[in-house]
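1 is the number of the first residue of the sequence shown in full-length UniProt numbering; add one for each residue after it. The beta carbon of each residue, even a glycine, is placed where N, CA and C say it ideally should be. Okay, so here's the structure we're looking at.
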Amino acid sequence: MSEQNLPAQKQIINANEETMSDQIAPDDTTINGNLFVTKTVSIGACNTDAKLHISEPSLRGNIKLFAISGVGHDFGYDGGTDNFFAFAHYGQESGQTKFVWQANEASTRDLLTIKNTGNIGIGTSAPQNRLHVVAPGGFPNNVPIVAQSVSTFFGARDAAGNERFAINLDSDGTSYPVNFYDKYDGTWRHSISLKLGKVGIGTTNPQYARLTIEDGAVPLAFRESDRSLTEGGLWRMPLDAGMLRFDVNTSASGNFLPYITPLTMFPNGNVHVGGTLTQGSSRELKENIAELSGKEAVEALEKLNPVKFNYKADSEKNLHIGFIAEDVPELVATSDRKALSPMDIVAVLTQALKEQQKTILALAEKVKLLEYQTA
1 MSEQNLPAQK QIINANEETM SDQIAPDDTT INGNLFVTKT VSIGACNTDA KLHISEPSLR
61 GNIKLFAISG VGHDFGYDGG TDNFFAFAHY GQESGQTKFV WQANEASTRD LLTIKNTGNI
121 GIGTSAPQNR LHVVAPGGFP NNVPIVAQSV STFFGARDAA GNERFAINLD SDGTSYPVNF
181 YDKYDGTWRH SISLKLGKVG IGTTNPQYAR LTIEDGAVPL AFRESDRSLT EGGLWRMPLD
241 AGMLRFDVNT SASGNFLPYI TPLTMFPNGN VHVGGTLTQG SSRELKENIA ELSGKEAVEA
301 LEKLNPVKFN YKADSEKNLH IGFIAEDVPE LVATSDRKAL SPMDIVAVLT QALKEQQKTI
361 LALAEKVKLL EYQTA
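This is the structure:
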């Protein structure tokens, strides 16, 4: 051990080994040189099993490290080959504090950087935001930020400190869907769930489609922003006792009420239209236009066989009359023979009626001639 500036009454030193064998007596002590301790060092605590134990609950900090100036490591831990960690405060020179991992003298990597602006960088020494994380490779092999928890792993408060938003992992017994919650009225409310590539709104188990919306009132609405709530500015699609309605406001007072229901779809396949149902028939929409002959119309009419029936999905078994799509003539059949176009039937009936009208007029002339001849 090199020289020590210790008064004789404060020295407890083994002259042969030049090591301290007990403890330094209290009072101020100055050592000019190296201090080698073979067991433990305790400051503010006794009987420790740690190599260095510092304890002082009444002070703001137990350890203070001071460097006069310059750029370098202020505190480090050397665990052997390929395992050196350092805390470096660069002060006014660059305005940042770094946690550094150093593999060797020529290779270092910044683990975390704290700028004097308050920005924190992980994987970058130039953070542009309060927390700036950079990871090479990117998604999905290298996700920059990962939170692992069985419950809430992210939340946000407003400027007043009120809880407003949270992302939570809720177990549903088989998996952990990601759930988004909001608390803008003071009560946590479930907003959105993500599970197996599906999105749920109002449900934590979106299993029916890519997007499932579940609500006891109006699950979906469309608002035209530049019309506010003037007439026709807000459409809603409520589910009502199994029916899907399309409602639109008719008021210009800024309220949704009153409203009308232009369209209602029933679970038995029926559709109710609250106004006029039209079908696009402009010449601009059509090509290969040709006249339907009376002969074609009459032949098709003869092959149309009206029937009475019930729809299988109709639990009330209401009676209907019409045609069977698979049995109608080719002239009015659809390509899949699963449906009929009412206007096709109307066109056949119209042309057949005109053909019959010609026949009636011709017969009327013959009757008139016969009456004249027998008069």
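For the pair residue 320 and residue 270, the Cα-to-Cα distance works out to about 12 Å. In this structure residue 268 is not in contact with residue 225, their Cβ atoms being roughly 37 Å apart against a cut-off of 8 Å.
Taking residue 143 as the centre and dropping the five residues before and after it, the same chain places the C-beta of 135 closer than 8 Å to its C-beta, in chain order. Residue pairing for residue 211: DSSP places it in a beta bridge opposite 199. Residue burial annotation: residue 193 is buried, with at least 16 other C-beta atoms found within 10 angstroms of its C-beta.
A residue is called buried when at least 16 other Cβ atoms come within 10 angstroms of its Cβ; residue 181 meets this threshold and is buried. Per DSSP, residue 312 lies in no beta strand (DSSP E) segment and is marked neither H nor E. Taking a contact as a CB-CB distance under 8 Å, the pair residue 340 and residue 323 counts as one, their CB atoms being some 6 Å apart. In the three-state reduction of the DSSP assignment, residue 337 falls in the coil class. Checking the DSSP bridge columns, you'll see residue 130 has no partner listed. A distance of 8 Å or more separates the beta carbons of residue 276 and residue 260. Put simply, of 216, 374, 121 the residue whose alpha carbon is nearest the alpha carbon of residue 241 is 216. The way I'd put it, the segment 323-336 doesn't touch the segment 280-291; fewer than three beta-carbon pairs between them come closer than 8 Å. DSSP places residue 155 in the uninterrupted beta strand (DSSP E) bounded by 154-157.
Here the alpha carbons of residue 97 and residue 41 stand approximately 28 Å from one another.
Restricting attention to 159, 184, 190, 183, the CA atom closest to the CA of residue 169 is found in 190. Residue environment analysis places residue 186 among the exposed positions, since fewer than 16 neighbouring C-beta atoms fall within 10 angstroms of its C-beta. Excluding its 5 nearest sequence neighbours in each direction, residue 213 has C-beta neighbours in its own chain below 7 Å: 201, 202, 219, 220, listed in chain order.
For residue 343, DSSP assigns no beta-bridge partner whatsoever. Setting aside the 5 residues that flank it on each side, residue 351 is surrounded in the same chain by 292, 294, 297, each with a C-beta closer than 7 Å to its C-beta; the list follows chain order.
Assignment of residue 374 by DSSP, reduced to helix, strand and coil, places it in the helix class.
With 16 or more other CB atoms across the displayed protein chains lying within 10 angstroms of its CB, residue 234 is buried.
Under DSSP, residue 266 takes part in no beta bridge, so it has no partner.
DSSP places residue 294 within a helical segment (H, G or I) once states are collapsed to three.
Residue 183 is positioned such that its CB atom lies closer than 8 Å to that of residue 164.
The shortest C-alpha to C-alpha distance from residue 313 to any of 266, 137, 300 is the one to 266.
For residue 322, the enclosing beta strand (DSSP E) starts and ends at 320-322. Among the bridge pairs identified by DSSP, residue 256 is matched with none.
Boundaries of the beta strand (DSSP E) harbouring residue 42: 41-43, taken from the DSSP string.
Taking residue 35 as the centre and dropping the five residues before and after it, the same chain places no C-beta closer than 7 Å to its C-beta. Residue pairing by DSSP places residue 222 opposite 235 in a beta bridge.
Counted as a single uninterrupted DSSP element, the beta strand (DSSP E) harbouring residue 121 occupies residues 120-122.
Under a 10 Å Cβ-count criterion, residue 367 is classified as exposed, with fewer than 16 other Cβ atoms of the shown protein chains found around its own Cβ.
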